[in-house]
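Peer 1: Residue numbers (this note's numbering): 337 to 596.
Below you will find the structure I want to go over with you.
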Amino acid sequence: MTAVLGAMHHCLFITLAATAAPNMLKIPQERPVFLREYNARTYSVRAYLTAKFLADLPLLFISATSLLLVCYLLYGMQSNFVHHWILNFSIALAGSSLGTLLACLSAGTPGAGLGVILAPLILDSFPECFSSVMQPLGEIPLAFRWLSLFAPHAYAVSIAGDLEFDYIRTSSFPQGDSSPFAARREAYIQETAHRDPFTTLYWKNPLTTKMQMKDDEVETDGFNGYIPRFWFTVVLLVVISALLRVIACWNLARISRSLF
């Protein structure tokens, strides 16, 4: 179970970092051409970043699909592949937006500049610290815990376990059953309670709640347990991606105007 959860978290983390890198490195390289065309009023900052986003969509699709396929097949995941892909593609959008923002922060410096300096913090340390993968969020000082609300990876990680292990909640077995399946369910209850206090910050975790009920009260309602949280997480990731691009567009426009 730990291996499967680790594989899903690693897949999301690699997707976030891999989709951020192209824009973070490419946009600064295109800066001389962009400034020339911007000065000539050939296109605006909004048009430039929109074109970059549309051109990136095929790459995001390939990255999200290939990375998920490797984890899904090698680890023998049991969950709905389409739901996993939607989540992975959502985190790819967030990663691309983060890369765009880091690149636009470097618009006023030579080369990749500030973006490369901040990349290890934003794409590595920040997601690992606040996604409850390496350390339970409850053990992080309260003064810093609120930063998890700004970590796209944390939202994806919080729903990933529910996607994979929903079948445990929707299956019933007799009281006192000592089968490996019963032990696996109990292990997931304990691990989720220990590792994922983040979920209570923005949505009640229906999976863990139902699994902690008495066996004769467990409901077999298919995927209804995680579906509301799943779509909430996907929409939230898309909104975060859009906000990151708006901030990037504003910053690039501000710097570009100051140069002419």
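Every residue gets a Cβ at the ideal spot worked out from N, C-alpha and C, and that includes glycine.
Taking the C-alpha atoms as reference points, what is the distance between leucine 350 and serine 380?
Peer 2: This sequence places isoleucine at residue 350; leucine is not what is there. Going by the C-alpha atoms only, they are around 32 Å apart.
Peer 1: Just checking: is the beta-carbon of leucine 410 within a distance shorter than 8 Å of some beta-carbon in chain B?
Peer 2: In the displayed structure, chain B is absent; only one protein chain is listed.
Peer 1: Among the candidates Ala354, Thr378, Ala387, whose CA atom is the shortest distance from the CA of cysteine 585?
Peer 2: The residue with the shortest Cα to Cα distance from cysteine 585 is Ala387.
Peer 1: Are isoleucine 363 and alanine 430 closer than 8 Å when you measure CB to CB?
Peer 2: Result no, Cβ atoms of isoleucine 363 and alanine 430 do not sit closer than 8 Å.
Peer 1: Expressed to the nearest angstrom, what Euclidean distance is found between the alpha-carbon atoms of valine 571 and isoleucine 495?
Peer 2: Roughly 13 Å separates the two Cα atoms.
Peer 1: Looking only at its chain, what residues have a beta carbon closer than 7 Å to the beta carbon of arginine 382, apart from the 5 residues adjacent to it on each side?
Peer 2: Once the five neighbours on either side are set aside, the close Cβ partners of arginine 382 are Cys585.
Peer 1: Tell me whether methionine 360 is buried or exposed, calling it buried when 16 or more other Cβ atoms sit within 10 Å of its Cβ.
Peer 2: Burial call: buried.
Peer 1: CA-CA distance, alanine 492 and alanine 391?
Peer 2: Alanine 492 and alanine 391: Cα-Cα distance of roughly 24 Å.
Peer 1: CA-CA distance, aspartate 498 and tryptophan 567?
Peer 2: The alpha-carbon atoms of aspartate 498 and tryptophan 567 are separated by roughly 12 Å.
Peer 1: Output yes or no for whether 8 Å exceeds the beta carbon distance between leucine 483 and isoleucine 427.
Peer 2: No; because the gap between Cβ atoms is not below 8 Å, this pair is not in contact.
Peer 1: With a threshold of 16 other CB atoms inside 10 Å of the CB of isoleucine 576, please say whether the residue is buried or exposed.
Peer 2: So isoleucine 576 counts as buried.
Peer 1: In its own chain, which residues sit with a C-beta less than 8 Å from the C-beta of glycine 403, not counting the 5 before and 5 after it?
Peer 2: Here residue 403 is leucine; the residue named in the question, glycine, does not match the sequence. The answer, listed in chain order, is Cys347, Ile350, Thr351, Ala354, Asn424.
Peer 1: What does the alpha-carbon distance come out to for the pair phenylalanine 466 and leucine 485?
Peer 2: C-alpha separation (whole angstroms): 9 Å.
Peer 1: Taking Cβ to Cβ, would you say leucine 437 is nearer than 8 Å to serine 592?
Peer 2: Contact flag unset, no.
Peer 1: Around the C-beta of serine 461, are 16 or more other C-beta atoms found within 10 angstroms, so that it is buried, or is it exposed?
Peer 2: So serine 461 counts as exposed.
Peer 1: What three-state label does DSSP hand arginine 377 in the structure shown?
Peer 2: Looking at arginine 377 - three-state DSSP - the assignment turns out to be coil, as it is neither helix nor strand.
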